[in-house]
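Take the position in the sequence shown, starting the count at 1, then add 2; the result is the number in the working numbering.
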Amino acid sequence: MPSSSASSKGRIGVLLVNLGTPDSPNTPDVRRYLNEFLTDARVIDMPAAVRYPLFRGLVVPLRAPKSAKIYQQLWDKDRGSPLLYHGLDLQKLVQEKLGKDYLVAFGMRYQNPSIESALQELRDAAVDRIIVLPLFPQYAAASTGSVQEKVMELVSKWWVVPSISFISTFVDDPGFINSFAALGKAELEKHDYDHIVFSYHGIPERHVLKGSHKNYCKLGSCCNSYNKNNRYCYRAQCFETSRQLGAALGLSPEQYTTTFQSRLQSRLRDPWLQPYTDEVIKEMPAKGIKNVLAFSPAFVADCLETTIEVGEEFKELFEEAGGQHWQLVPSLNSTPLWVDAVTDMIHRN
């Protein structure tokens, strides 16, 4: 018979979290999503007295109708937002892999299903402890950090707080790297490519500098290695993922480029991490690079920034500049290797 201490233990709770998505591609829902997202102090690190009037009063009202049109291109008429349904698929498959000793919940940092509702599901099940996995390979204060802050804020209100651990980064996790490399190899078998682009979501340079350990970060050659001094530097992590993926694909450093996309403002007013993807790819055809395979290794599920921005907008820019073939590697979504990788990360934690 099991001992009383063993039988008293509940399941282990697992919380998978992604960024968020509007409830629909209609302007009011997109506006609601953007208001929550762009007023997060970790995303827009301005004083609240400036942030709220600027973004709720000016930026979001102007941006929401335009974003709604883009979301309409992305939206699946049966399943809705790819970021949501791929997340739910991943949750289901990871639950099946982990078995009855675990309870896997899924939430979004912004909008629905919320982190609060996912945590409540775990709380109601009286899980023994909780493992939180933000689905962002590289740590950034505006993504992983925001999720961690929100989880701690919500759980701090519970009378009984279980043991909680966070998987803060999986930038060089073998399962993550091998999952993306497998998708890349499948695309490389279909076409001859001149070059590989690893395009990561950009963040303001000041975000990196604010988190620099003992002023180690210089936004340059300090990212040539990944070590204890820059293990939470977003830029260093992106370059490390590129190195790991390049090695897994059998590439030399000259065969790939690391770039950053999705900046909100011009670099003259507010510099973001460089080089900028859109500027780099416009110069490639003149250098004889006419066929490019693109990865988005900052994302583990297809979304607006991958499918639309990298897959369509960058393809158009590249072809207008004289490029012949631009192909986006699909994201990990709920592919078997990725399900195995997530399961393994949870087991190791």
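All C-beta atoms in this analysis are idealised placements derived from N, C-alpha and C, irrespective of residue type, glycine included.
Contact between Gly177 and Ala343 holds, since their C-beta atoms are separated by about 3 Å, short of 8 Å.
Counting every other CB atom within 10 Å of its CB across the protein chains shown gives Leu60 a total below 16, marking it as exposed. Counted as a single uninterrupted DSSP element, the stretch harbouring Ser167 is not any alpha helix (DSSP H) but the beta strand (DSSP E) occupying residues 165-168. Beta-bridge pairing by DSSP links Gly15 to Leu105, Ile132. Counting only runs of at least 4 residues, the stretch 266-306 fully encloses the following alpha helix (DSSP H) elements, listed from N- to C-terminal order: 279-285. Contact between Tyr112 and Phe39 holds: CB atoms are separated by about 5 Å, below the 8 Å threshold.
Residue environment analysis places Lys220 among the exposed positions, since fewer than 16 neighbouring C-beta atoms fall within 10 angstroms of its C-beta.
In this structure, the CA atom of Val96 is about 45 Å from the CA atom of Ala288. When secondary structure is reduced to three states using DSSP, Trp161 falls in the coil class, being assigned neither helix nor strand.
Residues of the same chain with a CB within less than 8 Å of the CB of Leu211, apart from the 5 flanking positions on each side, are Cys219, Leu221 in chain order.
Excluding the 5 residues flanking it on each side, Glu123 has same chain C-beta neighbours closer than 6 Å at Ala107, in chain order. If you look at Tyr258, you'll find it isn't in any alpha helix (DSSP H); it sits in the beta strand (DSSP E) that goes 258-263. Per DSSP, Leu124 is one residue of the alpha helix (DSSP H) stretching across 117-126. For Leu251, the secondary structure class from DSSP, reduced to helix, strand or coil, is coil. The C-beta of Lys79 has fewer than 16 other C-beta atoms within 10 Å across all chains shown, which makes the residue exposed. If you draw a 10 Å sphere on the C-beta of Val52, you find fewer than 16 other C-beta atoms in it, and that means exposed.
Between Ile283 and Leu319, the C-beta gap is smaller than 7 Å, which places the two residues in contact.
For Ile198 against Leu156, the beta-carbon gap comes to about 40 Å, at or over 8 Å, which does not count as contact. The C-beta distance from His327 to His193 rounds to 6 Å, short enough to meet the 8 Å contact threshold.
Our two residues, Gly22 and Ala127, have alpha carbons roughly 24 Å apart in a direct line. A straight line joining the alpha-carbon of Asp91 with that of Glu118 spans about 20 Å. Sixteen is the threshold: since fewer than 16 other Cβ atoms of the shown chains lie within 10 Å of the Cβ of Trp160, the residue is exposed. Going by beta carbons, Gln329 and Leu295 fall inside the 7 Å limit. Following the DSSP letters along the chain, one finds Ser83 in no alpha helix (DSSP H), marked with neither H nor E. Looking at the backbone, the Cα of Trp274 and that of Lys11 are separated by about 47 Å. Taking the C-beta atoms as reference points, Val32 is found no nearer than 7 Å to Gly186. The DSSP-derived three-state label of Arg34 is helix.
Using a Cβ-Cβ distance cut-off of 8 Å, the stretch 242-253 and the stretch 141-156 are not in contact, since fewer than three pairs of beta carbons, one from each stretch, lie closer than that value. Looking at Phe241, Arg271, Arg265, Leu266, the one whose alpha-carbon comes closest to that of Tyr258 is Phe241. Exposed is the label assigned to His349, since fewer than 16 other Cβ atoms lie within 10 Å of its Cβ. Per DSSP, the unbroken alpha helix (DSSP H) holding Phe178 starts and ends at 176-190.
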